[in-house]
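So for the sequence shown, our numbering puts the first residue at 26; every next one is plus one.
Where a beta carbon is used, it is the ideal one built from N, C-alpha and C, also for glycine.
Working notes, beginning with the structure itself.
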Amino acid sequence: MAGLTALPAETVLAPRVAECPVQLEAVLEDEHAYDAEGPMSGFIAILAARITRVHVDRAILMDGHPNRIDPDKRRPLIMSFLEYYGLGPKLHPSRLGGIPEELYRTPDFERAVEA
């Protein structure tokens, strides 16, 4: 229907989408009802997922940083208030981007990295 190509996942049953440069495999960890006692009860849920595997097209990786996506190579389409936007030029460097990710990554990082 949409003309997308399904790829088998490695850790979950749901397929990946070949045309997507970043693919996350995940399992549902928890679910919470939103407004459980109010008028929206049963209509909205908050879901918590645990990423089990990450697949990234190497063409969008940052040079010299094998675990970072280069935002200048990846130009996502973003919906904001029902309108579509692209990303403009970089406005200011990120302080977080200067911290080695090894200092803040979770203990299960290696398990989630594509084999």
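If you ignore the 5 residues before and after K98, its C-beta comes within less than 6 Å of the C-beta of I85, all in its own chain and listed in chain order.
Only buried fits R41, as 16 or more other CB atoms lie within 10 angstroms of its CB. Residue nearest to P125 within the set E108, R83, P91 and A137 is P91 (criterion: CA-CA distance). The residue among I94, R75, A31 and T30 with its C-alpha nearest the C-alpha of E56 is R75. Around D95, the same chain offers I85, L86, M87 and D88 as residues with beta carbons nearer than 8 Å, after the five sequence neighbours per side are excluded.
With contact defined as three or more Cβ pairs closer than 8 Å, the stretch 63–79 and the stretch 30–37 are in contact. As computed with DSSP, Y110 is found in a beta bridge with I103. A distance below 8 Å separates the beta carbons of T30 and A43. Note on geometry: alpha-carbon atoms of P101 and R93 lie some 15 Å from one another. Under DSSP, I71 shares a beta bridge with H57. In the structure shown, A84 falls within a helical segment according to DSSP collapsed to helix, strand and coil. Residue state for L49 is assigned as strand, using DSSP reduced to three classes.
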